[in-house]
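Working notes, beginning with the structure itself.
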């Protein structure tokens, strides 16, 4: 790791952390409503991954999508504006927390496990077009028990698709610990005939190096590979889950103090004279300012107009009428 | 075909195929409808005699020929599929473009969405419409909503899902269903059912080209039984446009797929026996459906009969009925009538009683006239 890389990883992780904490705050102020799944604690996963793949590679994940949206290139203000349901949000305010997109980033998917077969399809397109691109397909430890994951493993291995299947194991599928939900918690082995890696998902460099290995494997035409990233979420599953009824506060505190991904990287950089504490503090200040500005933007940007309700149901064709709750309410749908 | 050893389900398919292909002429005569071919179209160039499965093959062949990104996949499609719709396509276009999937409908559709979201053309086959339910989540939650939830940044509009549909004479519970109404409840999808080979080719090519995810249901009873002169070159028949097949003044009859042929017979019977003039409409596209054509007709005739094989409760006829009632309330001379399947699972031995055949439809017309 070079100094520049280290500083970049640090800043990116810190930005995601602060963004999530801001989202938490905005949620509690009832400015963000509805479902909201925060990523704090898991930052090393998306940052390490992104550092090891190309921008032209493809990525699809589940509903805990804020971090990946940011690493795939969407600015914080557009993410927060999406969360607050504003017109400048990255999905025009129509997607919300679970549905954010960017170039080569296919979301942001709400149904547990449903994005995994899509990832295999994207990987087939990569292979079919012969572009040396791969697809990174993420799911959680809860989704790992969905039947369609195994359907997809089979297809991906059968057709040697360039797909990295990544199980972000944050130890709890909603409120159920992995031990109570999975007959085998060795998620990296659950591809059976697909090779698997188990990686410390709290260590951004471990994630990066493992992903490089996995990506090389895929690019070499050897087919898919499974990676389990062992990580942890500090927040509950969603905003309605305080996150302490099925695990102890001590457990969370222990992870925070012993294996926080940002602290780990910080210590590593400082101990190896790659950066000074002051320097990193300056980054923190900068990040805080960016987040505050973004939050300001996300709370003042206008909401999408009501006409948007009927739009984007079908491909832009001649505008058609969308029937409302009664025969007198109609919306025009334009693309 | 590798049918041996694949378990009960595949065995059922093979049995079905067997009886479809070897069905005796006497059984065919016992079918509840008589296929009435459309006249040979003149505007699309040279035609060839094709049955329904051959016209589907011809459409798929055209699609693969002119769109290098198009791929076809599904259970057994590389061998031609259980209904022979993809015969020869693997040999012609290669096994990277026409390939078999495992038995995993949810995976097939999700995989298809993934291909489509990259901009390539995905044509998925679900072996029977009855098997589409494992993929329901992928279709309803992923395919239909991708465009909307991403604010139009992403979509899977180049996905088409084909599935054999409807009763077949002996299909029983799991080879006979007509699930169009389930999907009609889902904005973002298009749902299409053709009435014969010419229509099937044009509508399927429209679905493949359409920029929205489409479900194309093929009335499987017609695969072999329906023969028409089908144009060899590609052509499109517009979606969401119903067609008035016969003008009439007393009753509007609306149907799609196989049932179109039933109401054609009903119209003849009504004319002969009751002196009643029926207007016949083939709806073709279930979602988004052509409200205007239907309402215009009902405003003229004052009576509407809708018929489909699926169970009556929550069937698509209820949607049509409700809309027409709103739009044409003062034009109506009799209550809108639905002649549909019973609210039971699709029965095996009771199939002849279950089917909304011409006698039931004729009786309904008679009651509407005497109302």
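Residue numbers (UniProt numbering), protein chains in the order written: chain A, 1 to 335; chain B, 1 to 371.
Yeah, the Cβ is synthetic: ideal placement off N, Cα and C, and Gly gets one too.
Find out if the Cβ-Cβ distance for the pair residue i, residue j is shorter than 8 angstroms.
| i | j | result |
| --- | --- | --- |
| residue 157(A) | residue 142(B) | no |
| residue 78(B) | residue 99(B) | yes |
| residue 242(B) | residue 210(B) | no |
| residue 161(B) | residue 112(B) | yes |
| residue 60(A) | residue 100(A) | no |
| residue 90(A) | residue 162(A) | no |
| residue 287(B) | residue 145(B) | no |
| residue 239(B) | residue 203(B) | yes |
| residue 163(B) | residue 52(B) | no |
| residue 182(A) | residue 197(A) | no |
| residue 116(B) | residue 85(B) | no |
| residue 206(B) | residue 237(B) | yes |
| residue 192(B) | residue 165(B) | no |
| residue 358(B) | residue 266(B) | yes |
| residue 301(B) | residue 250(B) | yes |
| residue 176(A) | residue 202(A) | no |
| residue 306(B) | residue 299(B) | no |
| residue 184(B) | residue 319(B) | yes |
| residue 33(A) | residue 298(A) | no |
Can you tell me where the alpha helix (DSSP H) with residue i in it begins and where it stops?
| i | result |
| --- | --- |
| residue 207(A) | 204-219 |
| residue 154(A) | 147-158 |
| residue 108(B) | 105-117 |
| residue 363(B) | 358-369 |
| residue 86(A) | Unbroken run through residue 86(A): none, as it is neither H nor E. |
| residue 183(B) | 180-184 |
| residue 82(B) | Run containing residue 82(B): none; DSSP gives neither H nor E here. |
| residue 129(A) | 115-129 |
| residue 148(B) | 146-149 |
| residue 301(B) | 291-301 |
| residue 69(A) | 66-71 |
| residue 46(B) | Per DSSP, residue 46(B) belongs to no alpha helix (DSSP H) and is neither H nor E. |
The beta strand (DSSP E) that contains residue i, what's its start and end?
| i | result |
| --- | --- |
| residue 29(A) | From DSSP, residue 29(A) is part of no beta strand (DSSP E); its letter is neither H nor E. |
| residue 284(A) | Element bounds for residue 284(A): not the beta strand (DSSP E) but the alpha helix (DSSP H), 277-300. |
| residue 340(B) | 337-341 |
| residue 198(A) | 196-200 |
| residue 136(A) | 135-140 |
Secondary structure at residue i, three-state DSSP: helix, strand or coil?
| i | result |
| --- | --- |
| residue 58(B) | helix |
| residue 22(B) | Note that residue 22(B) scores a pLDDT of 41, beneath 50, so its modelled location is shaky; the value from the coordinates is reported in the next line. Helix at residue 22(B). |
| residue 58(A) | strand |
| residue 261(B) | helix |
| residue 169(B) | coil |
| residue 317(A) | coil |
| residue 308(B) | strand |
| residue 282(B) | strand |
| residue 130(B) | helix |
| residue 374(A) | Nothing can be reported for residue 374(A): it is not among the residues displayed for chain A, which extend from 1 to 335. |
| residue 52(A) | helix |
| residue 125(B) | strand |
| residue 95(B) | coil |
| residue 102(A) | strand |
| residue 141(B) | helix |
| residue 161(A) | coil |
| residue 73(B) | strand |
| residue 28(B) | Annotation note: pLDDT 45 at residue 28(B) (below 50); position unreliable, coordinate value reported separately. In the structure shown, residue 28(B) sits in a helix (DSSP, three-state: H, G or I). |
| residue 354(B) | helix |
| residue 261(A) | helix |
| residue 227(A) | strand |
| residue 164(B) | strand |
| residue 201(B) | helix |
| residue 189(A) | helix |
For residue i, verify whether its CB is less than 7 angstroms away from any heavy atom of the ligand SAH.
| i | result |
| --- | --- |
| residue 146(B) | As far as ligands go, the structure on display features none, and thus does not contain the ligand SAH. |
Could you tell me whether the stretch 99-110 of chain B touches the stretch 141-150 of chain A, using the rule of 3 or more Cβ pairs below 8 angstroms? yes
Does the count of Cβ pairs from the stretch 13-21 of chain A and the stretch 285-296 of chain A closer than 8 angstroms reach three? yes
Suppose only complete runs of 3+ residues qualify. What are the beta strand (DSSP E) ranges in the stretch 6-50 of chain A, listed by chain order? none
Is the stretch 88-101 of chain A close to the stretch 118-135 of chain B, with three or more CB pairs under 8 angstroms? no
For the stretch 216-231 of chain A and the stretch 114-134 of chain A, state whether three or more C-beta atom pairs, one from each stretch, are separated by less than 8 angstroms. yes
Take every Cβ of the stretch 214-224 of chain B, pair it with every Cβ of the stretch 252-262 of chain B, and state whether three or more of those distances are shorter than 8 angstroms. yes
Indicate whether the contact test is met: 3 or more Cβ pairs, each with one atom in the stretch 260-274 of chain A and one in the stretch 41-49 of chain A, closer than 8 angstroms. yes
I'd like the ranges of any alpha helix (DSSP H) spanning at least 4 consecutive residues and lying wholly in the stretch 203-278 of chain B. 222-225, 259-269
Is there contact here, the stretch 227-235 of chain B with the stretch 69-87 of chain B, by at least three beta-carbon pairs under 8 angstroms? no
Is the stretch 54-69 of chain A close to the stretch 269-284 of chain A, with three or more CB pairs under 8 angstroms? Between the stretch 54-69 of chain A and the stretch 269-284 of chain A, the count of C-beta pairs closer than 8 angstroms stays below three; the two stretches do not touch.
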